Every structure is written in structure tokens, then in C-alpha cells.
Amino acid sequence: MIRRSLLWLLLLLATFGLAQVVEGKITLLDPFPDNQVTEESWAAWSPDGETLLFESNRGGNFNLWLKTGDQEPRQITDHPGYDGRGTWSPDGQRIAFLSDRSGNIGIWILEIESGNVTPLVVDWPGLSVTPCAPSWSPQHRIAFEAIRNNNLDIFTVAEDGSDLERLTDSPGSDGYPEYSPDGNLIAFDSNRTGEFGIWIMNADGSEHYQITFDGDDGFPTWHPSGRWLAFQSNRAGDPDIWMVNADGTGLRQLTSNPANDIHATFTRDGRFLAFISRRVEGIHHIFLLDLSTVPGLETIAVSGG
1 MIRRSLLWLL LLLATFGLAQ VVEGKITLLD PFPDNQVTEE SWAAWSPDGE TLLFESNRGG
61 NFNLWLKTGD QEPRQITDHP GYDGRGTWSP DGQRIAFLSD RSGNIGIWIL EIESGNVTPL
121 VVDWPGLSVT PCAPSWSPQH RIAFEAIRNN NLDIFTVAED GSDLERLTDS PGSDGYPEYS
181 PDGNLIAFDS NRTGEFGIWI MNADGSEHYQ ITFDGDDGFP TWHPSGRWLA FQSNRAGDPD
241 IWMVNADGTG LRQLTSNPAN DIHATFTRDG RFLAFISRRV EGIHHIFLLD LSTVPGLETI
301 AVSGG
């Protein structure tokens, strides 16, 4: 009986191990290796891939932080309001982020070296910026979502704050725009056909087409090669991270956990996928999925895939 119970236990452990392999190797990316309980989210890597940008409520309220290699994290904004949802400029010298330091949520620009912060899109008549990360293109435009005339749509603006353009005007909600690595396309989520799905359009707002269906999908992010997109989806019952080819084929699930896996982003070399989850302590932390450990994705890195 003892031997039979032991065999059953070994079989159970083996089955659990196989389930973990399917999901791939996932590690907690903890920039603060101490016992202070803080939330970290909205990860973004610098263009050279060396520095991680994230938001954290360490210190009491959310601010932006940087972490490079083994160095200590460095806080780069310090305001009693909310600062977060940061994205890098193509040259890595500036960061666009969301802040309510003027009273309403708006887009601000931080010069990393000097620390100067200036408003980009704040309190524009008839335009209400929503708390969703902007995206900065190689062509020096910034895409963001905002509400105008009670409808959520996608807008772009030059990086100096001029030349505002509205790219979508559907009866549904269009949001979370992200430029492709070459800046020629924008992925976004929309419920214009009913349930939220992932869509793609040209950077000038033309030729909209849907690539995921029937999954309550959102928050798309491009692989650095431009060949794939990751996104969060409820199609398996709770928010998890999924991936799809840019043409809509090859849909596959990357994470499976009831702790809500959301807001994915690839590392610059394409080998890892960061996402936010409540897997530890029930609060948001950044986790890193090694894509080379996911069956079928062993050669996904930009250099090899």
C-alpha cells in the first residue's frame, strides 16, 4: 500500500511538472529584493535592451523607476499624484508617461538625463486621455487612446505636441494602440464587432482588419521581429497571455494561471516575455517567461527566429 501510494505521488508530481513545462519557465522579476510589499507593473525595456522601466508604489504612491542590470533601482519621477504607464522614445533619451499631476490624466514627457518633465497632451478641449500606456513610433509620433464625444478612439500626435490626428472613429471602443517595430502598423483592441478582439491598421489610420475573434482579447504587444503579437485574453476563463502570428494564424496560449496574467511585453531580443500577475502575495508583480522553454517557440529570438 505504501509503495502504491508513493507511485501515485510520483505520478502526480510528474503530471504537475509536465503542466509547468507547457507554460514554460516563469520567474518573478523582483527589482526590490527585500521584504517590503510593493506593486510593480507596466514593464518596458529601453531600446538597447539594457534598462527596465516600470511603475511601482514603493514609497506610497506610483512613480516611474529604472533598473539596469545588477544596479539598484532608480526612481525617476517623484510626485504625490500618479505617474506610470511609461514608454521609451526610439532613441532611449526620453519617456512618455501618464500622470494626473495637472488634475486630469494626461501624457507627459520626461528627459531622462536632466529630469525635466513637460506636458504633451493635457486638458485638450473635448479630449479626455484614458489611463492606458502611449506608444512612441520610430517616425516620431505618439499614439494614445482618448475619449472624444463619449467614444473611445485612437489618436496620434507629433512628439512635440503638434499635429493631433484621430485615427479611429468606430461606434465601438478602440484602444491600447501599439506601433509595430518599424512604425508602419498599429495594433489595437476594439469591440466594434461585439466582443473585444485584436486589430491592426496602417500607421495613418487606413485599412483596419481584425486578427483575433471570440476571445475578449486586449492589450496587444509586438514581438521585436514584427512577426507575432502577444495579448491578454479571457478565452480560457480568466485573463492569461496568448500569442498569435501577425496575420491572425497560429493562435496559442502562453500562460495559464487563475491569478490574472495581463499586460505583456517582449524583451528587445525577443527571447523573453514580461507580464503582470498576482501570483505572489495577491498583488501585481512583474514575471518573466522564457519563450525558449515553450514547446514550438525555441527559436523565437530575433537573432534566431
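One point on numbering: in this note's numbering, the residue at position 61 of the sequence shown is 61, and numbering is uninterrupted. For glycine and all other residues, C-beta sits at the position ideal for the given N, C-alpha and C. Remember, it's a predicted structure, so these values are computed and weren't measured experimentally.
Rounded straight-line distance, which links the Cα of residue j to that of residue i
i: V21; j: N149; result: In this prediction, V21 has a pLDDT of 31, which is less than 50 and means its spatial position is unreliable; what the coordinates show is noted afterwards. Roughly 48 Å between the two C-alpha positions.
i: I241; j: S277; result: 10 Å
i: T51; j: T68; result: 4 Å
i: N245; j: I142; result: 24 Å
i: T38; j: Q71; result: 19 Å
i: G226; j: S114; result: 33 Å
i: V294; j: H223; result: 15 Å
i: F155; j: N202; result: 13 Å
i: G194; j: P73; result: 42 Å
i: T299; j: G248; result: 20 Å
i: Q75; j: N63; result: 7 Å
i: S135; j: N257; result: 28 Å
i: Q93; j: V117; result: 13 Å
i: R271; j: T27; result: 14 Å
i: V129; j: A44; result: 20 Å
i: L251; j: L273; result: 16 Å
i: N260; j: S41; result: 13 Å
i: P131; j: N104; result: 10 Å
i: P181; j: F266; result: 11 Å
i: L164; j: G24; result: 42 Å
i: G205; j: R235; result: 28 Å
i: R58; j: E207; result: 43 Å
i: L29; j: A264; result: 13 Å
i: G172; j: T77; result: 35 Å
i: R279; j: L66; result: 23 Å
i: S56; j: P119; result: 21 Å
i: Y309; j: D34; result: Here the chain comprises residues numbered 1 to 305, so residue 309 is not present and cannot be evaluated.
i: F32; j: D169; result: 43 Å
i: V122; j: G49; result: 30 Å
i: L152; j: Y82; result: 22 Å
i: P239; j: F275; result: 11 Å
i: I107; j: Q232; result: 24 Å
i: M243; j: T221; result: 9 Å
Inter-residue CB distance, residue i and residue j (contact presumed, cutoff 8 Å)
i: P138; j: P90; result: 5 Å
i: F219; j: D189; result: 7 Å
i: A146; j: L127; result: 5 Å
i: G229; j: I198; result: Sequence inspection shows Leu at residue 229; the Gly mentioned does not correspond to that position. Confirmed, about 7 Å.
i: I85; j: A158; result: Residue identity check: residue 85 is Arg in the sequence provided, not Ile. So it is not a contact: roughly 20 Å between Cβ atoms.
i: L291; j: T255; result: Contact doesn't hold; Cβ gap of about 12 Å is too wide.
Selected residue, minimal CA-CA separation from residue i, among the options
i: T87; options: R279, E178, P224, S56; result: E178
i: G296; options: F144, L66, L127, Q253; result: Q253
i: R192; options: E165, S162, D217; result: D217
i: E111; options: D160, I147, G81; result: D160
i: P47; options: D269, H79, W65, E55; result: D269
i: H140; options: N151, V121, G183, S102; result: G183
Can you confirm whether the stretch 210-219 touches the stretch 282-289 when touching is taken to mean that 3 or more C-beta pairs between the two stretches lie within less than 8 Å? The stretch 282-289 is not in contact with the stretch 210-219.
At which residue ranges does the stretch 98-185 contain complete beta strand (DSSP E) runs of 3 or more residues, listed in the order of the chain? Taking only runs of at least 3 residues, the beta strand (DSSP E) segments lying wholly in the stretch 98-185 are 106-111, 117-121, 141-148, 151-158, 174-179.
Can you list the beta strand (DSSP E) stretches of 3 or more residues lying completely in the stretch 58-97, in chain order? 63-68, 83-88
Taking the runs of the beta strand (DSSP E) that are 3 residues or longer, which of them lie wholly in the stretch 30-56? 40-45, 51-56
Let me know the beta strand (DSSP E) ranges lying completely inside the stretch 256-301, each 3 residues or longer, listed in chain order. 262-266, 272-277, 285-290
I'd like the ranges of any beta strand (DSSP E) spanning at least 3 consecutive residues and lying wholly in the stretch 224-253. Fully enclosed beta strand (DSSP E) runs of 3 or longer: 228-233, 240-245.
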